[in-house]
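Student: Got a structure for you, questions after.
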Amino acid sequence: MINAKTQYFDVLREELRAAMKEKGFVAFTPVQEQVMAMDDHDRDMIVRSKTGSGKTLAFLLPLLNEGTWSNGTPKVLILSPTRELAQQTAKEARWVGRRLDLALAVLVGGMDMATQIRDLKCGASMVIGTPGRVLDHLRRGKLDLSGLETIVLDEGDQMLDMGFREELESIMDSAPQVERIWLFSATMPEEIKALARKYLKDPQILSVGEEGRHSDISHKVYRVPRDKRIEGLINTLLWENPSKALVFCRTKAETADIAARLSKEGFNTRCLHGDMSQRDRNLTLKLFREGLVNLLVATNVAARGLDIPYIEKVFQLGLPDDLETFTHRSGRTGRAGEKGENVVILNLKEAERFKVMLQRTKVKAEWLDVPDKSEILVMSRYRKQLDLMEEGHSPTEDFLEWAEELLKETDPTLLVAKLLMEVAKDTPCGYELRNELNTERNNLKKVRKGASFDGKSSNAHWNKSKATAKMVKIGLNPSVDWNVGKILGCLCNALGVRSSEVAGIKIRGQSVHVELSPLAIKNLRKRELDLARWGFSKINPVEDSHTAKAPKKRGSGRTVKSSRTGSKKKTF
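Okay, so the sequence shown: first residue is 1 according to the UniProt record's numbering, each after it adds one.
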């Protein structure tokens, strides 16, 4: 375990202490310790802690430390984003609550409905499930929440990312009498804050390990040619040589295609995506967990809730959708105090966008060009040499005699060279990519040089009536060394328009005034997230002599009431 402190161990009931002793538990992780130390476990709670920090026991221990847990109506409902995470939580609950005769029902998709209904009829005091299947049982009248006391939202941000907002609200609205709601989440985006404001009453808020969120993970970015993304991944994998790694892709089809390509290239690979049967999924995870497969290609959703003890490296293929996606993917490695490495593979334009994204974080990344075939060959030979020289590879007597006979008949250098050729003949070395990457880089420089501006303003215009232009004021990320050329390039990329659609760029301190064409204005309304990725913020229209000044409205505060008690809510 991470933390050596065990002062809260004695506050646990004897049954829990005995179970933990049998399991070899020696100390609490920071999140477990801090949750146990909270003054009042009967209140609502928000706990923000990264994936892999031990959140499951952090809520199970205080829950199971009170009351009886044999057959009865459900007292606790634990909601998880995926069936794997729900099953993992159930596994933890079974061993830690074994001496309490814990009656448990697991309600997840892809599993036998009749078995779940039987478990509910037998009287489950704790229910663990995914929002969709739990709501299904509620609507069928098979799940009785009239006696429910506690709802735990595990990985709340992930559930909202997966589109479970309506299901979560329907479930919580079905149990208005619930005494407490505990929300555990790695991040707190606005949507999760809104859910908390609506349903949690004056919650205790605990944030664990935010300062060191990336402290156990090192980051690398490899730049690859635009049309050679998979070849770039292959070269990077050959260079990095991970013992166990996750490769993240965007789509289900992409995971299958890339896994097939990697297998063809000689990698021990399987894919994981949402269209797989539960049987195939379980088999894939078993092989990966046991080290029989060392590369798992997966989508973000498919990889959530995986119970994999140690993943050495994470590879992210392509630009992450946002910083939260980047963080969640990265968090699959460097878990529970282990060191991990996160590798992002991008083309040159994506790399520039990613630099802007990282400027809003404390993440420090090493920026590298993709290893070329010749470099991989040298590295492969070096690794072979280390293997040959490793202690424990002592030859037997008959091989020593054979070697002596060969040395009598052949020049030693020639003999060793022939043997090394035999050893290395099937070693993959990847692809020639560096020349193509350098050509792309030079072409981009030429394009930018031709489109850049030296001064603090531009006079570019499009061939349309000036009356159709609109001037807007856009905030600039202060950590970026802006100039007119960089603003023009970033705006065009963010809005998906040509440079002819942007004119009149005038830098004003930490903001810029810019004229946009109707097309650029249209895209501006749809692409605020893209603008943020490129370092822009606070978009406002600029008034001119023809624009009437609208009267300013005074903001009014609002009070949000709890759906359970009518009490005022705490804002976040």
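Backbone N, C-alpha and C define an ideal beta-carbon position, used for all residues, glycine too.
1) Compare the beta carbon distance of Gly489 and Ser511 with 7 Å and say whether it is the shorter of the two.
2) Compute the beta-carbon to beta-carbon distance between Gly97 and Trp69, rounded to the nearest angstrom, for a pair I have assumed lies under 8 Å.
3) Would you grab the beta carbon distance between residue 588 and Val221 for me? Rounded to a whole angstrom, and I think it's under 8 Å.
4) Indicate whether Arg99 and Ala186 have their beta-carbon atoms separated by less than 7 Å.
5) List the residues that DSSP assigns as beta-bridge partners of residue 575.
6) Verify whether the separation of the beta carbon atoms of Val497 and Leu519 is less than 7 Å.
7) Nearest CA to the CA of Ala124: which residue from Gln177, Gly72, Leu77?
8) To test your reading of the DSSP string, which unbroken beta strand (DSSP E) runs of 3 or more residues are found completely within the UniProt domain "Helicase C-terminal" (229-376)?
9) Any idea what DSSP makes of Glu390, helix, strand or coil?
10) Since Thr150 is in the beta strand (DSSP E), which residue starts that stretch and which ends it?
11) Provide the residue span of the beta strand (DSSP E) that contains Lys473, from first to last.
12) Beta-carbon within less than 6 Å of Met113's beta-carbon, same chain only, minus the 5 sequence neighbours each way: which residues are those?
13) If you follow the alpha helix (DSSP H) that Glu66 is in, where does it begin and where does it stop?
14) Report the option in Lys470, Ile487, Asn477 whose CA atom is closest to the CA atom of Arg525.
15) Starting from Gln204, follow its DSSP beta bridges and name the residues at the other end.
16) Does the structure place the region 116-131 close enough to the region 179-198 that three or more beta carbon pairs sit under 8 Å?
17) With a CB to CB cut of under 7 Å and the five nearest residues on each side skipped, what residues in its chain are close to Arg441?
18) Pull the bridge partners of Leu77 from the DSSP assignment, please.
19) With DSSP as the reference, label Ala105 as helix, strand or coil.
20) Answer yes or no: do Ile308 and Leu183 have a C-beta to C-beta separation smaller than 7 Å?
21) Can you say whether Ser517 is buried or exposed, counting buried as having 16 or more other CB atoms within 10 angstroms of its CB?
22) Does DSSP put Phe536 in a helix, in a strand, or in coil?
23) Among the candidates Gly485, Glu155, Val127, whose CA atom is the shortest distance from the CA of His328?
24) What are the boundary residues of the beta strand (DSSP E) that Trp482 is part of?
25) Over the uninterrupted beta strand (DSSP E) stretch that includes Arg83, give me the two end residues.
26) From the DSSP output, in three-state form, read off Ala99 for me.
27) Compute the Euclidean distance between the alpha carbons of Lys50 and Glu324, then round it to the nearest angstrom.
28) Any chance you could list the alpha helix (DSSP H) runs of at least 4 consecutive residues sitting entirely within the region 388-447, in chain order?
29) Give a yes or no on whether the C-beta atoms belonging to Pro30 and Leu79 are separated by under 7 Å.
30) Going by the DSSP bridge assignment, what does Arg180 pair with across the sheet?
31) Can the beta-carbon of Leu295 be found closer than 7 Å to that of Thr269?
32) State the Cα-Cα distance for the pair Glu422 and Thr396, rounded to the nearest angstrom.
33) Roughly how many angstroms lie between the CA atoms of Gly212 and Ser53, to the nearest whole one?
34) Determine the DSSP secondary structure at Ser500, reduced to helix, strand or coil.
35) Can you name the residues that DSSP bridges to Pro541?
36) Please name the residue in Leu168, Ala175, Ala424 whose C-alpha comes closest to that of Asp144.
Tutor: Reading from the atomic positions:
1) no
2) 6 Å
3) In the structure as shown, the chain starts at 1 and stops at 572, and residue 588 therefore has no counterpart that could be examined.
4) When the beta-carbon positions are compared, Arg99 and Ala186 stay at least 7 Å from each other.
5) One cannot answer for residue 575 here, as it falls past the ends of the chain, which runs 1 to 572.
6) A contact, by the Cβ cut-off of 7 Å.
7) Gly72
8) 245-249, 269-272, 295-299, 313-317, 340-346, 365-369
9) Coil at Glu390, not helix or strand.
10) 150-154
11) 470-476
12) none
13) First-last for Glu66: undefined, no H or E at that position.
14) Lys470
15) Note: Gln204 sits in a beta bridge opposite Met45.
16) The count of Cβ pairs closer than 8 Å, one atom from the region 179-198 and one from the region 116-131, stays below three, leaving the stretches out of contact.
17) Leu348
18) According to DSSP, which records beta bridges pairwise, Leu77 is partnered with Val127, Ile151.
19) strand
20) no
21) buried
22) strand
23) For the set Gly485, Glu155, Val127, the Cα lying nearest the Cα of His328 is the one of Glu155.
24) Element bounds for Trp482: n/a, residue is neither H nor E.
25) No beta strand (DSSP E) holds Arg83; the alpha helix (DSSP H) holding it covers 83-96.
26) A quick correction: the sequence has Arg, not Ala, at residue 99. In the structure shown, Arg99 sits in a helix (DSSP, three-state: H, G or I).
27) One C-alpha to the other measures close to 11 Å.
28) 397-409, 412-424
29) No, these two residues do not count as a Cβ contact at 7 Å.
30) Thr150.
31) yes
32) Distance between the alpha carbons of Glu422 and Thr396 is about 20 Å.
33) Because the pLDDT at Gly212 is just 47, under 50, the model does not fix this residue reliably, and the value given afterwards should be weighed accordingly. Rounded to the nearest angstrom, the two C-alpha atoms are 12 Å apart.
34) helix
35) Val472
36) The shortest C-alpha separation from Asp144 is found at Ala175.
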